[in-house]
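Take 21 as the starting number for the sequence shown in my numbering and just add one per residue.
The beta carbon of each residue, even a glycine, is placed where N, CA and C say it ideally should be.
Data block below; observations after.
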Amino acid sequence: MADRALELLPERPTIAFTSEQWGAGWAEAIGARHVMVDLDRTRFPISSSEIRSNLREHYTWLVPAARAALAKRVVLAGAESTGKSTLAVDLANHYQTVWVPEYGRWYSDGRAGLKDRTWTADEFVRIAITHHQGEADLARRSANGLVILDTDALVTKVWHRRYLDSPNPILEELVDEFLPDLYFVCAPDFEWVHDGTRESPNYRDSMHIDTLQLIAATGVPFIELTGDQSKRLKEAIAVIDETVHSEPLI
């Protein structure tokens, strides 16, 4: 075990912290000074072997970086006014985990007062990157092995095509890099609601089709959600429970 640790670590450690009786011998084997931490499990009443036996059940004991690395990502995609944000909140509440708000919406609201509101390719790249950064931060606080996202880089790509109708190689790379574990595509089958910033009621159907086609091309599993909000929530929970929430985290 000591040899394997040295293979994985970027450099030989000088101090090893453990909560195990065998810790001193292991530390000596890797050439490190041993520091015993909470041997009686009074502060942290669980062992690493217990955590590994069921990562999802003991998920909250994982360090934030491990939570972010192991969490399954579920993205809500679709055109404007299709219930994505509401469903994201409802799913996060159901699974008692985090959800990632749509950064592109915040950015779009912030530029609404501009006289020249022409979009540039660079803006879409920055939206995709910043949205992912928010995801990375919130994933560190995730619970139950799940992160719920209101849109992602692929949805940003759909908007890029809507406004600029041209390829964006950098955005394409980001889409491939940030692919989730599951997509839900919210269908535009109920009334469009104008909230002061939405602007594309005539594009909902075409953007919905574009979203479906782009997601299908990624190979990521996806489900199209239709009907009212309660029906969508019930179906989404059933799908998550049968797929990403029942799969091993590693």
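Assumed close pair residue i, residue j - CB separation to whole angstroms, cut-off 8 Å
i: proline 200; j: aspartate 172; result: 6 Å
i: valine 240; j: asparagine 188; result: That pair is no contact at about 20 Å.
i: valine 57; j: serine 69; result: Incorrect: roughly 16 Å between the Cβ atoms, too far for contact.
i: alanine 108; j: aspartate 170; result: 4 Å
Any non-hydrogen atom of the ligand NAD closer than 7 Å to residue i Cβ
i: lysine 254; result: For the structure depicted, the ligand NAD is absent and the ligand set is empty, with no information on it obtainable.
Opposing strand residues paired with residue i [DSSP bridges]
i: threonine 38; result: Met56
i: tryptophan 119; result: Ile168
Secondary structure of residue i, DSSP reduced to three states
i: aspartate 2; result: There is no way to answer for residue 2, as the model of the chain reaches only from 21 to 270.
i: leucine 158; result: helix
i: phenylalanine 204; result: strand
i: tryptophan 139; result: coil
i: alanine 148; result: helix
i: alanine 163; result: strand
i: methionine 227; result: helix
i: isoleucine 270; result: coil
i: glycine 130; result: helix
Reference residue i; option with closest CA among the options
i: isoleucine 190; options: Leu232, Thr176 and Arg76; result: Thr176
i: alanine 97; options: Asp261, Glu197, Val178 and Ser69; result: Val178
i: aspartate 196; options: Asp157, Glu244, Ala237 and Asp185; result: Ala237
i: aspartate 185; options: Tyr115, Met227 and Asp248; result: Met227
i: arginine 161; options: Ala112, Pro268, Leu194 and Arg224; result: Ala112
i: lysine 104; options: Ala256, Glu267 and Asp261; result: Ala256
i: tyrosine 127; options: Glu143, His114, Gln116 and Lys135; result: Glu143
i: alanine 52; options: Ala22, Ala86, Glu267 and Pro268; result: Ala22
i: histidine 54; options: Phe37, Ile243 and His114; result: Phe37
i: isoleucine 168; options: Arg181, Leu134, Thr117 and Asp136; result: Thr117
Subject >> alpha helix (DSSP H) runs wholly inside the segment 48–114, at least 4 long, in chain order >> reply: 68–73 and 84–90
**OP:** Pick out the complete alpha helix (DSSP H) segments inside the segment 230–267, 4 residues or longer, and give them in chain order.
**Re:** 249–262
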